[in-house]
Structure formats: C-alpha cells, structure tokens
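Colleague:
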Amino acid sequence: MAPVVELREHRPGDEDAIVAWAASPAVTRYLTFGPMDVGQVDSWLADVIAQADEVPRRDWTFAATADGQLAGCVVVSTDSAEHRRAEVGFAIAPEHWRRGIASRAVGLAVTKALGELGLHRLWAVCDPNNIGSQRVLESAGFVREGRLRDDLRLDGVWRDSLVYGVLRDDL
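Quick note: the sequence shown uses the working numbering, first residue 734, plus one each step.
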C-alpha cells in the first residue's frame, strides 16, 4: 500500500527528522550544500519557520510527510514576483527513496504553487547524473527544457545542470 503523502509547514520538533536527511552525504550529493550538522539544521529550521511570517511571503519550505512521518522537504522559492516564477527543490531521506514519496510531494507542491499561491511558472535544475531527481520532476509534470553547461562549481568541479519547467497551463 502506498504511503499517504502530505505537505505541511515545518515546526519546532522537526530537527531530528531533518538531520536524518540533511546530514546524509547520499542526499546532499547533488545539492549545493554539503551535509549539515545539528547546529546548522537548528539554524536552518529557525529560518524556515520564520518564513511563514514574512509578508509578502516569497519562499515556502514544506515538510513532506509519509504516513505522518517527516520524510523530507520541498522548497518553492520565488525568484521573480513580477513574473510569478519560482524555483522548486526537494530532498527526501534515503529510507523513503523509491516509494513514490518524492514524486507525490513535489506534485503536491506544484499543484499548490500554481494554484493557491498564484504562480505561473515553476522551474527546477538537477544534475545530469541524478536520474532519480529527473524521474521525480517528470512524474510531477515538469518538462526537460535544456542543459546549462558548467552551471555550478561544487567541490572544485564544474557541473552541468538540467533545466526543467512546468507552467500553470500544463496542469
């Protein structure tokens, strides 16, 4: 039976579950930050909780839950309010991989962002070697739009990024 996947705001007490994915080299391998320690997670969570009170709100970092258990997060970060455009990112704890949780969580975020939040376009990037993230994005309705060569310099190495996008009219 497939787990019930939901999105909610992060809250105090989420720290231990966040450390489970944020401290994992397997999870952060393709992200722009390396594994986080407990102090970094505490600071990150405080910032994320504070986002909810910002007016106007430009960023949403949702806790993704599977059967009520925090499994990861999905971020919707506005890069242009004028053009109603935001970037989407996600991270899921390894014990929740290959169960469809990321695809459903990102899909819920897409529906919320392009519906309730009134955005017009969402975009995401992922490493060409990250096949799992490519599948998640495509499953959530994103279309591969291109490749940015030498887009990121991580750990002293230039890396390409695949660009994905989804429009409100695509839903």
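Backbone N, C-alpha and C define an ideal beta-carbon position, used for all residues, glycine too.
(1) Buried or exposed: arginine 790, going by 16 or more other Cβ atoms within 10 Å of its Cβ?
(2) By the 10 Å Cβ neighbour count, where 16 or more other Cβ atoms means buried, how is valine 771 classified, buried or exposed?
(3) Using 10 angstroms around the beta-carbon of alanine 783, count the other beta-carbons present and answer buried if the total reaches 16, otherwise exposed.
(4) Going by the CB atoms, is the gap between valine 876 and alanine 846 shorter than 8 Å?
(5) CB-CB under 6 Å to tyrosine 763, same chain, minus the five flanking residues each way: which ones, in chain order?
(6) Across the region 834-841 and the region 742-753, are there enough close Cβ pairs to call them in contact, namely three or more that are closer than 8 Å?
(7) What residue from Ala799, Ala824, Glu815 and Arg880 has the CA that sits closest to glycine 767's CA?
(8) From which residue to which residue does the beta strand (DSSP E) around aspartate 812 run?
(9) Thinking C-beta only, is valine 752 closer than 8 Å to threonine 798?
(10) So who's on the other strand from valine 899, going by DSSP bridges?
(11) So, with DSSP's three-state summary, where would you put aspartate 888?
Modeller: Here's the rundown:
(1) Position 57 of the sequence shown holds residue 790. By the neighbour-count rule (16 or more Cβ atoms within 10 Å), arginine 790 is not buried but exposed.
(2) Taking the sequence shown and counting its residues from 1, one reaches residue 771 at position 38. Per the 10 Å Cβ criterion, exposed.
(3) Taking the sequence shown and counting its residues from 1, the one referred to as residue 783 is at position 50. Exposed, because fewer than 16 other Cβ atoms sit within 10 Å of the Cβ of alanine 783.
(4) Reading the sequence shown from its first residue, position 113 is the one you call residue 846. Reading the sequence shown from its first residue, position 143 is the one you call residue 876. It is not a contact, given that the beta carbons lie outside the stated cut-off.
(5) Within the sequence shown, the letter at position 30 stands for residue 763. Cβ neighbours of tyrosine 763 beyond the five flanking positions: Asp860 and Asn863.
(6) no
(7) Taking the sequence shown and counting its residues from 1, one reaches residue 767 at position 34. Nearest neighbour of glycine 767 by Cα position, chosen from Ala799, Ala824, Glu815 and Arg880, turns out to be Ala824.
(8) Within the sequence shown, numbered from 1, the residue matching residue 812 stands at position 79. Unbroken beta strand (DSSP E) run through aspartate 812: 802-813.
(9) On the sequence shown, position 65 is the one that residue 798 refers to. On the sequence shown, position 19 is the one that residue 752 refers to. Going by C-beta atoms, threonine 798 is not nearer than 8 Å to valine 752.
(10) The residue given as residue 899 occupies position 166 in the sequence shown. Paired residue(s): Leu855.
(11) Locating residue 888 in the sequence shown gives position 155, where the first residue counts as 1. Under the three-state reduction of DSSP output, aspartate 888 falls in the coil class, being neither helix nor strand.
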